[in-house]
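Engineer: Order-wise, the sequence lines are chains A and B. Counting along the first sequence from 1, when you hit position 223 you're at 819 in our numbering, and nothing is skipped either side. Counting along the second sequence from 1, when you hit position 243 you're at 705 in our numbering, and nothing is skipped either side. Quick reminder that beta carbons are idealized off the backbone N, C-alpha and C, glycines included. Let me give you the structure first, and then I'll get to my questions.
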Amino acid sequence: MSETTAAHPRSLVLRQKILNAAIRYAMMVLLALLLFGIILLISGKNPFQSYKDIFTHALGSAYGFSEVLVAMTPMLITALAVALPSRLILINVGVEGQLYMGACFATWGALTFQHLPAWALLPLMVLLGMIGGSLWAFIPGYLRSLGIVNETITTLLLNSVAPKIVSFFVFGFWHSPMDTDKTAYFVPAARLPTFFGTRVDLSLVIVLVLLVVFWFVMKYTRWGLEIRAIGGNPQAARRNGIPVNAYLVIIMCIGGAIAGLAGMAQVSGYYGLLLANFSRGTGYMGFLISWLSFGDPIGILLVSFVVAVIVTGGNLLQLTQGLPFAVINILLAITLFVVLARPTFLKEKKS
Amino acid sequence: MTLLSILGVISSAIFSGTSLLYTTLGEVIHERSGIVNLGLEGVLLVSASTGFAVTSLTGNPYLGVLAAALAGGLTNMVLGYLVVTRNGNQLASGLALMFFGFGLSALIGKPYVGAKINGLPRILLPGLSDLPRVYTSLFKFDILIYMAIPAAFLVWWLLFRTRWGLSLRAVGENADTAFASGRNPRLIRYQALFVGGLLAGLGAAHLSIAYAMNWTEYMTAGRGFIAVALVIFSKWHPLRAIVGALLFSAAVAFQLLLQSSGVHVSPFLLDTIPYFLTLIVLIAWGGTRKHAAPASLGRVYHGTE
């Protein structure tokens, strides 16, 4: 969507581009709200009141805003898990599965080493989560590097397997005495610390740091240069002596590790326990966010924020309007449709 | 382990595999025309909820099946607009469609949660009416089950024995060449999406109207993604899709058999077997896989400018 313009002073062009992009996305969101408003009208609700509720709830209070940040955290992590491999034109649709494996490994750590102090247990859980995620990403990455099977297909397949492995452990071994489908609450030492009495936890800080690292590595290091080279033209990169296959496997594994971190953060921060089938498409949402923001760190932040506002506001829609929570997926999807369809009246002018 | 329990297991495997076969056939048609539909899960949910709602409202399960099929076809038109007309990315558009389906189906189905319906009538397999009653109850299938295998042959005939199928496959291999030979790639892809959506809708209808006979949110439980995997397993061929659906049915049957014979193996681990089998098959076919996938699968057709 962002065609490069030339022959202007760079900063001016940049500012103009950002402004154009902002206006374009704002118009798209408006169009989406209009379309969803029609659906609200059909189901007998007042769209203006609903929207007012959504935005005052999500943005009008400190609590609401903290909930937006809570909703935003897993989106940021999973989007990053897609964005990094996408620089190598690796399509990681498997974040959902990697997230489950990360959660599974981290939970094993939390249950096995629950007597460790927090300063030892939490890093261990992070490490375990990342190992779980990267193991799950290693299979597709390795098969792809051998040139046998496309990573899109394998990651999709493994997505269906991972929740079943989690269910196997939860139903079979880990469930609490009262429930069959979830573990008991973790010990406090296995919980990510939260800030200011809200549900915002440490994983938000971690992912913000990771986003900065991602931006820095891609822009200023040799690795970033080589990754961009492979993404641009794998054949040329190979002939210039860049170990393309090693990059494919390693970057896929790092992507998986980040996804595993998302799983760890979900069980250790958000839920505080492991629940069978806890994620309803968080990984796919990360894929969409990464794709919409072209894998760009700032874009990931912005898109995640908008999506998080919609989701958080949706929680309230359920309370005050008597609509099922899943309905918010319609607003989300329509927003995505509008962006994906790139309406012509909003097309960027080419100079 | 009695004969009766084995037959019971086979019977329930047939019931659970039918919706998969229809859905897989639908996805075969999409992918043969060059479109990956990752939103199948959402399409299934919309169809299942619509079919259930219509059955509940009219009391006529056949109308419900019809409504479910149409709902599937129409939901796919949204994807068609995004990826065919607006040249959107197929994977992203498909996933967005999935979320759309999550939401829309919840909205449609909400008034009907817990509703009772008359499911599709079940008819005894012909020639078995002399058997004792305990046996005959296991061989009563609904019309969608009887039609499932013929449907696979019908799709095969459509794809490989008609001009439309030839055009569709031509578009899937190379849309520009197909255009040059006088075909309209965009129109054909819309048609493929609609027909595929009808089939997926039938699968969803079987799930909510004939098999489960109720509606719950997310009731398809990943069947859309299983179908996408099965299409790969069956190498984009409708007749091999039968084998794929049987594989998943067999896994279900095996599970039930083990349970009924008192062997304690986690059903969740058994559930993963078909996926690993698919993975192994993919690896084994590694080199030849390229020749089976439609060449322009996932690519955007920009038209001639």
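1) Which of helix, strand or coil does DSSP assign to Ser-478 of chain B?
2) So, do the region 528 to 544 of chain B and the region 873 to 887 of chain A have three or more beta carbon pairs nearer to each other than 8 Å?
3) To the nearest angstrom, how far is the alpha carbon of Pro-756 of chain B from that of Leu-709 of chain B?
4) Under 7 Å Cβ to Cβ from Arg-584 of chain B, same chain only, skipping five residues before and after it: list those, please.
5) Give me the chain B residues within the contact set of Ala-750 of chain A, using Cβ-Cβ distance strictly less than 8 Å, ordered along the chain.
6) Excluding the 5 residues flanking Pro-523 of chain B on each side, which residues of the same chain have their C-beta closer than 8 Å to its C-beta?
7) Does DSSP put Thr-512 of chain B in a helix, in a strand, or in coil?
8) Relative to the alpha-carbon of Leu-655 of chain A, which residue among A:Val-907, A:Met-671 and A:Val-935 has its alpha-carbon at the smallest distance?
9) Quick check on the burial criterion: 16 or more other C-beta atoms within 10 angstroms. Buried or exposed for Trp-677 of chain B?
10) Name the residues in the region 536 to 558 of chain B whose C-beta lies less than 9 Å from a C-beta of chain A; which are they?
11) Beta carbon of Met-539 of chain B, beta carbon of Phe-615 of chain B: below 9 Å?
12) So, at 7 Å on beta carbons, what are the nonlocal neighbours of Lys-572 of chain B in its own chain, with the 5 sequence-adjacent residues on each side left out?
13) Report the three-state DSSP secondary structure of Phe-792 of chain A (helix, strand or coil).
14) Any idea if Asp-797 of chain A is buried or exposed, counting beta-carbon neighbours within 10 angstroms, 16 or more meaning buried?
15) May I ask which residues mark the beginning and end of the beta strand (DSSP E) holding Arg-584 of chain B?
16) Give the interface partners of Ile-497 of chain B over in chain A, defined as CB-CB distance under 9 Å, in chain order.
17) Provide the residue(s) that pair with Lys-406 of chain B in DSSP beta bridges, ordered along the chain.
18) Apply the 10 Å Cβ neighbour rule to Thr-464 of chain B and answer buried if 16 or more other Cβ atoms are within range, or exposed otherwise.
19) Can you pull the chain B residues whose beta carbon is under 8 Å from the beta carbon of Ile-634 of chain A, in chain order?
20) Tell me which same chain residues have a C-beta within less than 6 Å of the C-beta of Gly-729 of chain A, skipping the five on either side of it?
21) Taking only beta-carbon atoms, is Glu-687 of chain B less than 9 Å away from chain A?
22) I'd like to know whether the C-beta of Ala-568 of chain B is nearer than 9 Å to at least one C-beta of chain A.
23) Thinking Thr-512 of chain B and Ala-689 of chain B are a contact (beta carbons under 8 Å), I'd like their distance in whole angstroms, please.
24) If contact means a Cβ-Cβ distance below 7 Å, which residues of the region 719 to 731 of chain B contact chain A?
25) Residues in the region 598 to 611 of chain B with C-beta within 9 Å of chain A's C-beta atoms, listed in sequence order?
26) Residues in the same chain with beta-carbon distance under 7 Å from Thr-600 of chain A, minus the five sequence neighbours each way, listed in chain order, please.
27) What is the DSSP secondary structure of Phe-622 of chain B, counted as helix, strand or coil?
28) Mind checking which residues open and close the beta strand (DSSP E) that includes Lys-648 of chain A?
29) Which residues mark the beginning and the end of the beta strand (DSSP E) in which Lys-578 of chain B is found?
30) Where Gly-576 of chain B and Ala-674 of chain B are concerned, what is the direct C-alpha to C-alpha distance, given to the nearest angstrom?
31) Kindly indicate which residue of B:Gly-550, B:Leu-469, B:Ala-515 and B:Leu-500 has the alpha-carbon position closest to the one of Leu-557 of chain B.
32) Does any CB atom of chain B fall closer than 9 Å to the CB of Ile-926 of chain A?
33) For Val-783 of chain A, which residues of its own chain have a beta-carbon under 7 Å away from its beta-carbon, when the five flanking residues on both sides are left out?
34) Using three-state DSSP, classify Lys-602 of chain B as helix, strand or coil.
35) Taking only three categories from DSSP, how would you classify Asp-797 of chain A?
36) Counting contacts by CB-CB distance shorter than 9 Å, is Ile-930 of chain A in contact with chain B?
Structural biologist: According to the data block:
1) helix
2) no
3) 23 Å
4) Lys-602, Phe-603 and Asp-604
5) Reading off the sequence, residue 750 of chain A comes out as Thr, not Ala. The answer, in chain order, is Leu-741 and Leu-744.
6) Thr-517, Ile-579, Asn-580, Gly-581, Leu-582, Pro-583, Ile-671 and Ala-672
7) helix
8) A:Val-907
9) buried
10) Val-540, Tyr-543, Leu-544, Val-545, Thr-547, Arg-548, Asn-549, Gly-550, Asn-551, Leu-553, Ala-554, Ser-555, Leu-557 and Ala-558
11) no
12) none
13) coil
14) buried
15) 584 to 586
16) Going along chain A, no residue has its Cβ under 9 Å from Ile-497 of chain B, so there is no contact; the nearest lies around 14 Å.
17) Residue coverage of chain B in this structure runs from 463 to 767, which leaves residue 406 of chain B outside it and unanswerable.
18) exposed
19) By Cβ distance, chain B contributes nothing, its closest Cβ being about 13 Å from Ile-634 of chain A, past 8 Å.
20) Gln-694, Met-697, Gly-698, Gly-852, Ala-853, Ala-855 and Gly-856
21) The question names Glu, yet the displayed sequence has Phe at residue 687 of chain B. Chain A contact via Cβ: present.
22) yes
23) Not really, about 19 Å apart at Cβ, beyond 8 Å.
24) Ser-728, Phe-730 and Leu-731
25) none
26) Low confidence applies to Thr-600 of chain A: its pLDDT is 48, below 50, so where it sits in the model is not reliable enough to give any reading.
27) helix
28) From DSSP, Lys-648 of chain A is part of no beta strand (DSSP E) but of the alpha helix (DSSP H) over 643 to 655.
29) Note, Lys-578 of chain B: premise wrong, no beta strand (DSSP E); not H, not E.
30) 12 Å
31) B:Leu-500
32) yes
33) Gln-710
34) strand
35) strand
36) yes
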